[in-house]
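The opening position of the sequence shown corresponds to residue 641 in my numbering, with each subsequent residue numbered one higher.
Beta carbons are placed, not taken as given, at the ideal position from N, Cα and C, and that holds for glycine.
Heads up: the structure comes next, in structure tokens.
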Amino acid sequence: MVDIQGAKFPGYGRCIYCGATNPLKDEHIIPFSLVGKAVIAAASCGDCEKITSDLDGYLARQIFREYRAHVGMKSRRTHTGGETGGFDALFVGLFWTGTD
Ligand SMILES: [Zn+2]
641 MVDIQGAKFP GYGRCIYCGA TNPLKDEHII PFSLVGKAVI AAASCGDCEK ITSDLDGYLA
701 RQIFREYRAH VGMKSRRTHT GGETGGFDAL FVGLFWTGTD
């Protein structure tokens, strides 16, 4: 198995979810909330980042909460107390329509 933690892969010049071109943000391959540190550079637009961040937050708080507590994963919290997390490409397979 290849360890890609901390790696930054080049983007595609457009959002990997909707195809928008600007502005683009880095996308975690594995959610930051699950200690993912590898990213695809400039890979998601603000609208898609909001959707995936919401999903990532939900998964971290609801689905993986006990696991994260069990293994001692730390939260990343904003000044408003909300948990943040970049959209992650782990879920691309769930939403990818196969059209390009
Ligand atoms: Zn997008």
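Check: Between the C-alpha atoms of residue 703 and residue 668, what's the straight-line distance to the nearest angstrom?; Outcome: 18 angstroms
Check: Return the chain-ordered list of same chain residues with a C-beta closer than 6 angstroms to the C-beta of residue 658, the five sequence neighbours on each side being excluded.; Outcome: 688
Check: Does any heavy atom of ligand 1 sit closer than 7 angstroms to the C-beta of residue 643?; Outcome: no
Check: Taking the C-alpha atoms as reference points, what is the distance between residue 699 and residue 649?; Outcome: 24 angstroms
Check: If you check the beta carbons only, do residue 644 and residue 684 fall under 8 angstroms apart?; Outcome: no
Check: Give the straight-line distance between the Cα atoms of residue 678 and residue 666, rounded to the nearest whole angstrom.; Outcome: 10 angstroms
Check: Is it buried or exposed, residue 740, if we count other Cβ atoms within 10 angstroms and call 16 or more buried?; Outcome: Reliability fails at residue 740, whose pLDDT of 46 lies under 50, so the model's placement of it is uncertain and no value is given.
Check: Does the beta carbon of residue 657 fall short of 7 angstroms from some heavy atom of ligand 1?; Outcome: yes
Check: Hey, could you find the ends of the beta strand (DSSP E) residue 664 is sitting in?; Outcome: 664-668
Check: In whole angstroms, give me the CA-to-CA distance for residue 675 and residue 713.; Outcome: 7 angstroms
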